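Participant: Chains as they are written, first to last, in the working numbering: chain A, 1 to 307; chain B, 308 to 572.
Note that beta-carbon positions come from the ideal geometry of N, C-alpha and C, so glycine has one too.
Computed from a predicted structure; not experimentally measured.
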Amino acid sequence: MSLIVAEGLAKSYGRVVAVDSLNLKLDEGSVTGLIGPNGAGKTTTIKMILGLLKPDRGVVKVFGQNPWDNTAIRSMIGVVYEKAFFPSHQKTLDYLQRVCRIFGVPESRAMEVLELVNLQEASDRDIRALSAGMLQKFAIAHALIHKPKLIVADEMTANLDPQARSELLDLVLQLHRDEKVTFLLSSHILPELSRVCDSVAIINRGKVWAFGKLSELYEKYAVGIIRVSTDSSYALEAEIRKLKYVKGLESDIRGISVRVADGKEDKLYEDVPKLAKKIKAKILGIETGSASMQELYRLAISTKERK
Amino acid sequence: MGKGKPFLEVLSSAIHEDYRFPFLEVFAFLYALGTFVFASFGVTITAQGATNEAIAYDVVSSTLSIPLFIFIILVFKNIAHGLGSDLEKGIIQTYFSYPLRRRGILTAKLLSALGVALLLFLGIQISALYILAPDIILPQLGTVLLTYAASLSYPLLIAGIMLLLTLKLRRGGISLVVGLVLYFAMSMVSGIATIFAIYTENPVSLQIISAISPSLVLQQYYGGMLGDFWAPAFSEVLLYTGVSYVIVAFIFFLGYIYFSRRLNL
Chain A
1 MSLIVAEGLA KSYGRVVAVD SLNLKLDEGS VTGLIGPNGA GKTTTIKMIL
51 GLLKPDRGVV KVFGQNPWDN TAIRSMIGVV YEKAFFPSHQ KTLDYLQRVC
101 RIFGVPESRA MEVLELVNLQ EASDRDIRAL SAGMLQKFAI AHALIHKPKL
151 IVADEMTANL DPQARSELLD LVLQLHRDEK VTFLLSSHIL PELSRVCDSV
201 AIINRGKVWA FGKLSELYEK YAVGIIRVST DSSYALEAEI RKLKYVKGLE
251 SDIRGISVRV ADGKEDKLYE DVPKLAKKIK AKILGIETGS ASMQELYRLA
301 ISTKERK
Chain B
308 MGKGKPFLEV LSSAIHEDYR FPFLEVFAFL YALGTFVFAS FGVTITAQGA
358 TNEAIAYDVV SSTLSIPLFI FIILVFKNIA HGLGSDLEKG IIQTYFSYPL
408 RRRGILTAKL LSALGVALLL FLGIQISALY ILAPDIILPQ LGTVLLTYAA
458 SLSYPLLIAG IMLLLTLKLR RGGISLVVGL VLYFAMSMVS GIATIFAIYT
508 ENPVSLQIIS AISPSLVLQQ YYGGMLGDFW APAFSEVLLY TGVSYVIVAF
558 IFFLGYIYFS RRLNL
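1) Can you tell me where the alpha helix (DSSP H) holding Phe559 of chain B begins and where it ends?
2) Should Ser434 of chain B be flagged as near chain A, meaning a C-beta pair shorter than 8 Å?
3) Taking Ser187 of chain A as part of the alpha helix (DSSP H), name the residues at either end of that continuous run.
4) Please report the straight-line C-alpha distance between Lys11 of chain A and Val17 of chain A, rounded to a whole angstrom.
5) When the Cα atoms are used, what is the spatial distance from Ser542 of chain B to Ala466 of chain B?
6) Please specify which runs of the beta strand (DSSP E), each continuous and at least 3 residues long, are wholly inside the stretch 8 to 71 of chain A, giving them in chain order.
7) Mind pulling the chain A residues with CB within less than 8 Å of Glu332 of chain B?
8) How about Met1 of chain A: is its C-beta nearer than 8 Å to some C-beta of chain B?
9) Over the uninterrupted alpha helix (DSSP H) stretch that includes Glu265 of chain A, give me the two end residues.
10) Closer than 8 Å, CB to CB, is Phe138 of chain A near chain B or not?
11) With distance defined between alpha-carbon atoms, name the residue in A:Gly64, A:Phe138 and A:Glu239 nearest to Gln97 of chain A.
12) For Leu53 of chain A, which residues in chain B fall below 8 Å Cβ to Cβ?
13) Within the same chain, show all residues whose beta-carbon is closer than 7 Å to that of Asp161 of chain A, passing over the 5 residues directly before and after it, in chain order.
14) Go to Val423 of chain B, then tell me how far its alpha helix (DSSP H) extends in each direction, as first and last residue.
15) When the distance is taken between beta carbons, is Val208 of chain A closer than 8 Å to Asn23 of chain A?
16) Would you call Ile127 of chain A buried or exposed, if buried means 16 or more other Cβ atoms sit within 10 Å of its Cβ?
17) Quick check: the Cα distance between Leu513 of chain B and Ile46 of chain A, rounded to an integer number of angstroms?
18) To the nearest angstrom, how far is the alpha carbon of Thr288 of chain A from that of Gly391 of chain B?
19) Where do the ends of the alpha helix (DSSP H) carrying Thr473 of chain B lie?
20) From the DSSP output, in three-state form, read off Asn359 of chain B for me.
21) In terms of DSSP beta bridges, what is Ile202 of chain A paired with?
22) Answer with yes or no whether the minimum CB distance from Arg57 of chain A to chain B is below 8 Å.
23) Of all Cβ atoms in chain A, is any one closer than 8 Å to the Cβ of Phe403 of chain B?
24) Locate the beta strand (DSSP E) running through Val246 of chain A, then write down its first and last residues.
25) Using the rule of at least 16 other Cβ atoms within 10 Å of the residue's Cβ for burial, across every protein chain shown, is Asn385 of chain B buried or exposed?
26) With a threshold of 6 Å on Cβ separation, who are the neighbours of Thr43 of chain A within its own chain once the five nearest residues in sequence on each side are excluded?
27) For Asp271 of chain A and Glu115 of chain A, what's the separation of their Cα atoms in angstroms?
28) Name, please, each residue of chain A whose Cβ falls closer than 8 Å to the Cβ of Ile398 of chain B.
29) Using only the alpha-carbon positions, how far apart do Met308 of chain B and Ala122 of chain A sit?
30) I need the DSSP call for Arg409 of chain B, collapsed to helix, strand or coil.
31) If we call anything under 8 Å between Cβ atoms a contact, is Leu175 of chain A one with Met76 of chain A?
32) Under 9 Å between beta-carbons, which chain A residues line up against Ser497 of chain B? List them in chain order, please.
33) Pick from B:Ser522, B:Asn571 and B:Gln526: whose alpha carbon is nearest that of Val550 of chain B?
34) For Ala143 of chain A, which of A:Leu52, A:Ala164, A:Arg125 and A:Val181 has the nearest alpha-carbon?
35) Measure the alpha-carbon distance for Lys242 of chain A versus Ala235 of chain A and round it to whole angstroms.
36) Please tell me whether Ile49 of chain A and Val59 of chain A are closer than 8 Å, where the distance is taken between their beta carbons.
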């Protein structure tokens, strides 16, 4: 069963097109990552899914219903925003107890969720006195109050330190495993998504450029990856990019990851040294390997751009 | 999962934020101070008034001025700072994750911003008047209520305009400035309209203003300070007051429509 279905979603802010003909389907029981650069349209997409923004075109259904001003589906969704804001002059436990009453769950649940995010010691603190990381944990506790079937989180780890991030991702895995909670997580921190997600939607320029199970995407975009280590990455990248059989590539200071058409790996092994010689770059190594999530993301983007 | 009371909880949360210490205490003190001081003053001034209705009107209007200004400041603060910052910071976004319709959230915010302020204002005012001048107030309750209704209509209209601006701009600073400008502009516009009316002996300008600020027609009805060229009947007073509230209701209705159907966060 699909919990979220978006078809042909479009949203513009004046002349700026934030989301353009976006399609997305989120299956029950999945942990789906929404990845993309800043301004790719992730937050706008999430806001349309949550009924905070009306799409200019297209349809979005959450639990089979239009999310705009829909109270029925709010009882089934937990939301974590990148920047969490709550009435700041109330105590954390008091406010969560209020939220318990709003959702009609026992007030004891408030302490349970505070303990779940390791924030029980801050139960008598004013919300405004929480640090950014604590506030984010509080937002997660807030989202868990009513035991939602679906949690939508927009950059939920953005304000957390590495340890808190790790704990939070453990919590995501635990909730997914024990409570069968479905997650839609947007993030630009790719390694952490690869830890928890089983599906990924790569968003760029308001469109979903690649979507599917992680294993399928690796097969599609990251098989036939050849890593070239060189002392002159960017210059060599420009030369490699000219090769017609190169389907995608990305580079950093240490080297270049190249994806080639099927059966062209050997050809690349032959061509790279020639190109390096031409621009007087030094080849430190060439090897075939698997891609990281970051490479997968960049390769998917560059493959699309080359089409 | 049992059924909660999201509306009451959001209302209580909004009241908690709008009237947190020391706002409620300070404003209640100022209301009481303004009311009692000016009520005593008003009673002595109007002791020689002609009719009981006119005396009641004079007493109420003389006690109104300072507390009404305090009421306006409180309401403006609640709309501009309370609702405006809730929109700006994202607290409304948090409320939108609760099982409560958008119109319910706006009603809760407005009940906190306007309703509680109004209760505080009228509660202290009417109690004070009852304590200080029961023989005037009790027999003329209709006049007392009409005077309040006529005096509150324009501030409520400004509050409605501020609401629209705050929703559109999603911040309160500009709407607060606009609200204060509109409030003070009315005194100036009324003054100019009065001079114009006296000069031309034509009450049209005053009648137009009365449609949004009916305290003017009420003042003319009881005071008749502008001479014979405009002597409104009581039915006219009711008509202008009614029209002004229709305009206020329309502005708030627009606010509800925008908040429920158009507000993108």
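Facilitator: Taking the definition as stated:
1) Segment Phe541 to Ile564, the alpha helix (DSSP H) holding Phe559 of chain B.
2) no
3) Here Ser187 of chain A belongs to no alpha helix (DSSP H); instead the beta strand (DSSP E) covers Thr182 to Ser187.
4) So the alpha carbons of these two residues sit roughly 6 Å apart.
5) 27 Å
6) 16 to 27, 31 to 35 and 57 to 62
7) Those within 8 Å of Glu332 of chain B in chain A number zero; the least Cβ separation is about 15 Å.
8) Not one chain B Cβ lies under 8 Å of Met1 of chain A.
9) Glu265 to Ile279
10) no
11) A:Phe138
12) Asn571 and Leu572
13) Gly133
14) From DSSP, the alpha helix (DSSP H) with Val423 of chain B extends over Val423 to Leu439.
15) yes
16) buried
17) 53 Å
18) 57 Å
19) From DSSP, the alpha helix (DSSP H) with Thr473 of chain B extends over Leu448 to Leu476.
20) helix
21) A:Ile35 and A:Ala210
22) no
23) yes
24) Val246 to Asp252
25) buried
26) Asp154
27) 58 Å
28) Phe85, Phe86 and Pro87
29) Low per-residue confidence applies at Met308 of chain B: pLDDT is 45, beneath 50, and the placement is therefore not dependable enough to give any value.
30) helix
31) no
32) Under the 9 Å cutoff, chain A gives no residues; its nearest Cβ is about 39 Å from Ser497 of chain B.
33) B:Ser522
34) A:Val181
35) 12 Å
36) no
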